[in-house]
């Protein structure tokens, strides 16, 4: 429970005489610690567990694939996005103990096994059943190609990515992007389209086909047989990966980069599990080997932001420290001003313009009367301090990585996007007032958003996209999209005009919901909306009443 309201904290902050102290610039080691996370276990099974723990507080669903063979598992990442769940690994005949422990931590109730009994045996399935999983379902076909079709049927996509079934790099390069854009991934041999794949293209009236890889992977003859083909290919897997990033750059969040090995069996496993996590962030998978491909590095230099964070998938044997160091060097060369001493920055009257970006790395800072043409990072150096942004316009985006239960106050603040992504899932308190205008807030960690003191009729916050972590809201919000699995959403005298719940979550408190649309099981609304719509195949508890879709409006 908070000791005082955000508004009280604001006035306390204004009345407090600040004691200024010198906060030295970050050392190279501290900078690296703040900008890099490595998710790695002693084997691929426990690396997948590390990835799961980084992304899911809880999950009603989990996907299980064989850890030693990529054949059936390649297309699983968009499926994980549909159910907002992690991908974990099993041995052929015995479910890995680390996987069983993680399923227990997740409180998983539904298991989707991808692959037939030749991939994961009946014995391994019985072992899952023995830990009281409510529902276990297999998704599989006669071969890897039919399995990809069976997954595609679950997604119902109008566009698909067609990749070779004989290697994994192309499929995993497109995996998180396919999830973000709602594409199914279909597998195909080099020279012929399996009947199962051809039938799916016809029956589902596929409108566009992205062919990933060169003619050595998918031939020209196949290209002529699929609807509206667009081929993306480079001279090798790394250049293809780079070209995919270029093609879909407008769909990607380069504040978070997931770096994985592009060859070898560990590269398959780490990229597959990591793809599900990258999709949650709307971020790409970057393929590397023992070196950082120069073409990839050159392209990333044009996309890195002042807030870019590297998540390395796998240990140093998969992604060497030398590769990470090169990316860190490029991050360190970003055009930016660093504010790392408490005090007031910007003129007392008039307006100053900063051509690049600003990185705030200390608490008890006020930035005033400033236009930032680049991005603004509220970094981890803030710790438990407070930050005030007064009459500040950010033409790029704002990323919050620091401020552990601190007050981050926007007074006449204008920004297109604020992303809250604080390490260790600490809570951020963000309040706006006095004609602030924030087009969108994306939360990737727990947060409190308060626009109850906003003076304009439109309100300070427009759309809120809750992807990870619990959320507390005060004030009026136009749209709240909830895809944070297991999140607790507290309305503290808040009004939500349009609530869209796409993952298991609980919404409670003293507030008003004009309309709620539910497209997930495991949803509990303790507040009765004005109208409720539940999509077909889902059920939810609304004001202590169980409702089963489809319900157009009730």
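In my numbering, the protein residues as written are 52 to 605. Quick reminder that beta carbons are idealized off the backbone N, C-alpha and C, glycines included. Fair warning: this is a prediction, and the values are worked out from it, not measured in the lab.
In the assembly as shown, residue 86 is a buried residue. Its beta-carbon has 16 or more other beta-carbons within 10 Å. Three or more beta-carbon pairs separated by less than 8 Å link the stretch 521-533 to the stretch 544-559, which places the two stretches in contact. Approximately 7 Å separates the beta-carbon atoms of residue 111 and residue 572; this is inside 8 Å, confirming the contact. Residue ranges of uninterrupted alpha helix (DSSP H) with 4 or more members, entirely inside the stretch 274-303 and ordered along the chain, are 288-298. By DSSP's assignment, residue 597 forms a beta bridge with 592. Straight through space, the alpha carbons of residue 511 and residue 566 are spaced by roughly 20 Å. In chain order, 299 place their CB closer than 6 Å to the CB of residue 228, counting only its own chain and leaving out the 5 sequence neighbours on each side. The DSSP-derived three-state label of residue 201 is helix. Proximity to residue 499 across 396, 470, 187 peaks at 470, based on C-alpha coordinates.
Looking at the DSSP output, residue 532 sits in a beta bridge with 516, 551. Residues of the same chain with a CB within less than 6 Å of the CB of residue 283, apart from the 5 flanking positions on each side, are 263, 294, 295, 298 in chain order. Of the other Cβ atoms in all chains shown, fewer than 16 fall within 10 Å of the Cβ of residue 403; this residue is therefore exposed.
Residue state for residue 121 is assigned as coil, using DSSP reduced to three classes. C-alpha of residue 491 to C-alpha of residue 169: approximately 47 Å in a straight line. The three-state reading of DSSP puts residue 370 in coil, since its state is none of H, G, I, E or B.
The DSSP-derived three-state label of residue 326 is helix. Secondary structure note for residue 405: its beta strand (DSSP E) is the uninterrupted segment 403-405. 8 Å or more divides the Cβ of residue 303 from the Cβ of residue 326. About 7 Å separates the CB atoms of residue 447 and residue 423; that is less than 8 Å, so the two are in contact. Residue 186 carries a strand assignment under DSSP once its states are collapsed to helix, strand and coil. Beta-bridge partners of residue 543 (DSSP): 561.
For residue 452, there is no enclosing alpha helix (DSSP H), as DSSP gives it neither H nor E.
Between residue 338 and residue 381 the beta-carbon gap is near 17 Å, outside 8 Å, which marks them as no contact.
Each of 241, 528, 133, 232 was checked against the Cα of residue 217, and the nearest Cα belongs to 241. The beta carbon of residue 506 lies closer than 8 Å to those of 484, 485, 486 in the same chain, with the five residues before and after it left out.
Taking each of 274, 232, 208, 280 in turn and checking the Cα distance to residue 254, the smallest one comes out for 208. Restricting attention to 123, 150, 280, 275, the CA atom closest to the CA of residue 202 is found in 123.
In summary, residue 461 is buried, with 16 or more beta-carbon neighbours lying within 10 Å of its beta-carbon over all protein chains present. In its chain, beyond the 5 residues on either side, 290, 293 have a beta carbon closer than 6 Å to the beta carbon of residue 346.
Sequence-distant partners of residue 365 (beyond 5 residues in either direction) whose C-beta falls short of 7 Å from its own C-beta, in its chain, are 91, 98, 311, 312, 317, 321. Between residue 434 and residue 418, the gap from beta carbon to beta carbon reaches 8 Å or more.
Going by DSSP, residue 261 is part of the beta strand (DSSP E) stretching over 259-263.
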